[in-house]
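Okay, structure first, notes after.
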Amino acid sequence: MSTQTRPETGLLARSVLGALTLEEKISLVVGRDMWTTRGLPRVGLRPIALSDGPVGVRGTSPDESVRSAMLPAPSALSATWDRELAWRVGALFASEARRHGVDVVLAPQVNLQRTPVGGRHFECYSEDPHLTAEIAVAVVSAAQERGVGMCVKHFVANDSETDRTKYVARVEARALREVYLPPFERLVREAGAWSVMGAYSGVDVGGVAAPALEHRPLLTGVLKDEWGFDGVVVSDWVATKSVLPAVRGGLDLQMPGPDGPWGVGLRDAVAAGEVTEAELDEKVSRILLLAERVGALAGADAAAAPAGTAWPDAVGERPSDAAPPAQSILREVTARSVVVLKDDPRLIPTGVRNARRIALVGPNAAELFLQGGGSSFVRPDHVTHLPSELQAALPATRVDVHPGARARQNPPALDVGARCTDPESGLPGVRIELLSADGHVLSSVVHDEWNGWFAEVVPEARTLRLTTSVHLAEPGRHELGAGTVGVHRVLVDGQLVCAGDVVVAEEIILSSGHNHPVATTVVFDVDEPTDVVLAAELQVVHPVGYDSFVRAALVHRLPGPGDDEVMAQAVEAARAADLAVVVVGTTEEVESEGFDRTSLDLPGNQDELVRRVVAANPRTVVVVNAGAPVLLPWLDGAPSVLWAWLPGQEGGAALADVLTGQTEPSGRLPWTLPARASDVPVPHATPVDGIVEYMEGVHVGYRAWERDGLTPAACFGHGLGWTTWSYDGVTLVVDPDHPGDVTVDVTIRNDGERSGREVVQVYVEPPPGSQDDRPRRWLGGFTVVDVDPGESATARVRVPLRVFQVWSVDTWVTPVGRHTLRVGRSVRDLRLTVGVPPLSPNNP
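If you read the sequence shown in numbering that gives the first Met the number 0, its first letter stands for residue 0, the second for the next number, and so on.
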C-alpha cells in the first residue's frame, strides 16, 4: 500500500517551500524550544507542538496542574490482541492531543522486547514483530485519520537502556529485516506514519556502523527510498551529535532547540557550501508536509487531514468514528488486558463475589504502580483505587487492607507542609537560596511545599541551598534523609548524611538518574518531640537541550512496626478472611527509562509475603502489578494468579471489574514469562566494548524458548480467561481480496457457562528440512472472537505472505516446500494443524 503523498495533500506545503528564504529554511529544521518547531507567520506557518508519549499526551507545559488521561502501559494494550481496542486507543490519543494543543505524539515505541531486563520493556508492545505491528498500525491509523501525527520510535534496534547513548547494536542483516524492521516498515507502508524518531544508539549491520541518526543506508536507503517514507525523521532529544553526517544520514529535524549541533553548525555548513540548499529543501518540504497534515499551515484543515492510507485491511471493519469518553475506553482496555495465568479453584469471579470478608494484602494493594518511570510520565486526570472500587462493587463484603511487605527502597516523601518550618523566619516549609559560582546569594524564598524538584532557576545559579527544621513528634525510630544528583552536601542535625563532587549535566537525564535517586538516611530515636535541621547544598543542573533544575528527594520514615510485624498482621488478616487478594509488583525504582534492570526478582520481601498468605488461606488470588516479566517462585503453589500490568488511571476500577466478573480478563501474554533467570535467552543487554551483540539472530523471545526446548512459567500467547474452549476444525480458504496471502477459517466452541472472548492464534512452521536456520515456529496471524456459552463460531485469520519469507542477501524470498500452520491458544497450546501448498519462491 503506497504511502506517497496523496494528490490532495502536499500542494500547500510545496507552494510555501518556494516562498522561503535560505535563512528561514535553516531555522525550520531545528526546534524552537523543548517541544515546538519554529513558526513563520509570514507564510502562515505556526509552530508544530510535539509531546510525549506512550502512556498519555502530557502536553508542552511544565505546569504541574496540567492533567492527562493516563493509559495502561503499551504492553497491556498489546496483551488484548485486539485491533479494534487499539484503534479506539489511537482515537483517544488524537482527542487527548487536541485537548493539550499537541500536533505530534511521540509514540508508539515499537522496539522489541528482546530481553526482559530492558528498562523500557513496559513501553514496548511485544517480543514478537507481527503482534507489535498489528497493534501499532491500528493505533497510528486511528490517530492520524483525525489529524494528529504519531512519531514511531526508536529507529532501530534500540532495545535496551544501558549506555543507550553510546552503544552500537550489531545485528545481522537478516535478523534486522525479519525481526526489528518489520514493525517500522508496516507503520510506514500501511499506516502512513507521519514521523519516525531516530534512536540514541548506533547500528552495525553488514559491517556498516554508525549512530542511528547518521546511518544513511537505513534512514535514507531503507526508510525513505525503499519504503517511500514521506514524513519527518526527528532526533531523539539531544541525540544529534553532528552536522554533516546527520544531514547526509537522513535526519530532518533536530530536537530540541535552539542550541545543539544544528543550532549554529548547520548555518555555518550552509554558508561554507558543505550543505546545499537542495539538501535543506528535502528536509524542509517534509516538515511543511507534516505542518499541512496537522493543520499548522494556514489553509490546511487538520481535522480532515488524511493519514495517507485507508484503514488497514488486516484490521478488518473500521470501528465507529465516535470515540467513547477516556474513562470508559481506558477501563475496558485495562480490564481486557489482564491475563489469567492460572485459576485452578475457579476463584474468579464467583469466589470473589461470594466472599463476605476479603483481605486485600500487599504493598501495591492500596496504591497500584500505575506507570513506569521516565519520559512517558503523565499526571493523570484522576486515579481509581482498588480498595474503594472493590468495596463499592461488593457493598456487603468487608474489605480489609494490609501492606504486608515493602516494595520500595526509598522511605516515603517527607511531609514538608505538615512537619517543616524555615529556621530563620519560622514560616512553614523550606528556605530556598540560589547561589552564584562565587557564593553570592541571588535569591531567597520560603516554599511551604516541596515535591523534590526546583526549576525556578536563573542561568548564573550554580548551587541551591535548602534549609528546614523538621519536627519529629512521634516516639520511636525516625529515618530522615535525601536523594539527589550532582555535586551536593546534605547534613541532618549537623551530621553529614551524604556528599558528592561529580558535576552532572544532560547525561543524568538520559540515564534517568534524576528521576529516582537512591536516598541516604540517618536514624533518630525519639523519646519526646524534637526538631532537627536538615541543610543541603545542591547542584543546579544546566543540561544542554533541557530545562535547568535541582533535584532533592527529601524522605522520612515514621516509627512503626518492623517488616516482620507488618507481614504477620497481613498473614493473620488473610487467615481470617474468606478470600485473600495479594497485590505485588514492581515500582518506578525498578522499571524506568534510562537504565536496565539488574534482577528479575520482585523487589523487597514480596515473594515471602505471597508464600505465607497462600499457606494461610488456600483461597488466594495473587495479582502481579508489573510491566515486564518478574520471577514468580511461588507460582506452582498459588491457587489463582492474574497479571495486571502497569494499568494507568483506571487500574483500580478495571481490576475490581475483573475480580467481580463485570469484565472478562481476556488478555494473552505478548511475551514469555520465565520460570528461572538462567533460562532467559538474552539475560542482559550490557554492552561489551561498546557493542551489544544480537547473537540470537532471528530467534527472539519465544522463538528461542521453542528452539531450546526450555519450559517457561507461562508461554507466549498464554491466558485462560474465564471459560473453556474447543477447537473443532481448520480449513484453508481463498480470500480474493488477498490473493498472495494464506487465509484459514477456524471453528471454535465455547464449552463454558459464560460468554467469552477467545484469541485464535496461528503459528507458522517451516518446510521440513529447511536449511535457513528458521525458528521452530513463529506467529503468523491472530484474531479475537466473542462467543456465547455453548455456541460455536468461525474465526477467519489471514497470514500475510511476508510472514513466510526470509531475507536473502538483498531481497525477500519464499522458501521452497510446504509450510505448516498450527492453530491454538498459545505457542504451546496448539490444537489444529493444516498444511500450506508450496508458495511462489519469488518476491511478489
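All C-beta atoms, glycine included, are put in the ideal place defined by N, C-alpha and C.
Asked                                                                                                                                                                                  : Found
Indicate the three-state DSSP secondary structure (helix, strand or coil) for arginine 706 in the structure shown.                                                                     : helix
Per DSSP, what kind of secondary structure is leucine 901 in: helix, strand or coil?                                                                                                   : The structure shown does not extend to residue 901, since the chain is modelled only from 0 through 843, so no value can be given for it.
Can you round the beta-carbon distance between asparagine 604 and alanine 404 to whole angstroms, since I take them to be within the 8 angstroms contact cut?                          : 5 angstroms
Would arginine 488 pass as a contact of alanine 535 if the rule is Cβ separation under 8 angstroms?                                                                                    : yes
Any idea if tryptophan 633 is buried or exposed, counting beta-carbon neighbours within 10 angstroms, 16 or more meaning buried?                                                       : buried
Grab me the residues of proline 6's own chain with a C-beta within less than 8 angstroms of its C-beta, minus the 5 sequence neighbours each way, in chain order.                      : Because the pLDDT of proline 6 is 40, which lies under 50, any placement of that residue in the model is unreliable, and the number read from its coordinates should be weighed accordingly. Same-chain partners within the cutoff: there are none.
Under 8 angstroms Cβ to Cβ from proline 458, same chain only, skipping five residues before and after it: list those, please.                                                          : His541, Ser547
With three or more beta-carbon pairs closer than 8 angstroms as the criterion, would you say the stretch 10 to 25 touches the stretch 109 to 124?                                      : no
Please check the pair serine 26 and histidine 99, which I expect to be a contact at CB under 8 angstroms, by giving their CB distance rounded to whole angstroms.                      : Not confirmed; about 25 angstroms, so no contact.
Among Pro638, Trp642, Pro664, Thr819, which has the Cα closest to the Cα of leucine 630?                                                                                               : Trp642
Mapping the DSSP letters down to three states, classify valine 835 as helix, strand or coil.                                                                                           : coil
Pop quiz: aspartate 595 and glutamate 160 are said to be a contact at Cβ under 8 angstroms. What is the actual Cβ separation, rounded to whole angstroms?                              : 5 angstroms
Return the first residue and the last residue of the alpha helix (DSSP H) that phenylalanine 803 is part of.                                                                           : 800 to 803
Within the same chain, show all residues whose beta-carbon is closer than 7 angstroms to that of serine 591, passing over the 5 residues directly before and after it, in chain order. : Gly118, Gly371, Gly372, Gly373, Ser511, Asn514, His515
Does DSSP classify glutamate 291 as helix, strand or coil?                                                                                                                             : helix
Quick one: Cα of glycine 823 to Cα of arginine 82, how far?                                                                                                                            : 19 angstroms
Tyrosine 545: which of Ser769, Asn353, Glu506, Val521 sits nearest, CA to CA?                                                                                                          : Glu506
Here's a check: name, in chain order, each residue in its chain whose Cβ is nearer than 6 angstroms to the Cβ of aspartate 787, leaving out the five neighbours to either side.        : Ser754
For alanine 417 and valine 525, what's the separation of their Cα atoms in angstroms?                                                                                                  : 18 angstroms
Tell me which residue opens and which closes the alpha helix (DSSP H) that aspartate 342 is part of.                                                                                   : Aspartate 342 -> not in any alpha helix (DSSP H); beta strand (DSSP E) instead, spanning 338 to 342.
Report the three-state DSSP secondary structure of phenylalanine 594 (helix, strand or coil).                                                                                          : coil
Does DSSP put isoleucine 357 in a helix, in a strand, or in coil?                                                                                                                      : strand
Give the C-beta separation of lysine 24 and aspartate 229 to the nearest angstrom, bearing in mind that I take them to be a contact with Cβ-Cβ under 8 angstroms.                      : No, lysine 24 and aspartate 229 are not in contact; Cβ-Cβ is about 18 angstroms, not under 8 angstroms.
Looking at the unbroken beta strand (DSSP E) that takes in proline 210, where does it start and where does it end?                                                                     : 207 to 210
Using DSSP with H/G/I as helix, E/B as strand and the rest coil, what is methionine 254?                                                                                               : coil
In the DSSP output, which residue or residues are listed as bridge partners for arginine 556?                                                                                          : Glu478
If you drop the 5 nearest sequence neighbours on each side, which residues of the same chain put their C-beta closer than 6 angstroms to that of arginine 66?                          : Arg378, Asp380
What residue from Ser94, Val815, Tyr701, Arg87 has the CA that sits closest to proline 680's CA?                                                                                       : Tyr701
Near arginine 173, which residues of its chain fall below 6 angstroms by C-beta distance, leaving aside the five closest residues on each side in sequence?                            : Trp806
Within its chain, find whatever has a CB closer than 7 angstroms to the CB of serine 839; leave out the 5 residues flanking it on each side and keep chain order.                      : Thr813
With 16 as the cutoff for other CB atoms within 10 Å, does proline 411 come out buried or exposed?                                                                                     : exposed
Could you round the C-beta distance between proline 427 and aspartate 447 to whole angstroms and report it? I think they count as a contact, below 8 angstroms.                        : 5 angstroms
From tyrosine 762 to threonine 742, what does the alpha carbon distance come to, in whole angstroms?                                                                                   : 12 angstroms
Are there 16 or more other CB atoms within 10 angstroms of the CB of glycine 493, so buried, or fewer, so exposed?                                                                     : exposed
Which residue spans inside the stretch 216 to 263 form an unbroken beta strand (DSSP E) run of at least 3?                                                                             : 231 to 234
In angstroms, rounded to a whole number, what distance separates the CA positions of proline 53 and aspartate 656?                                                                     : 24 angstroms
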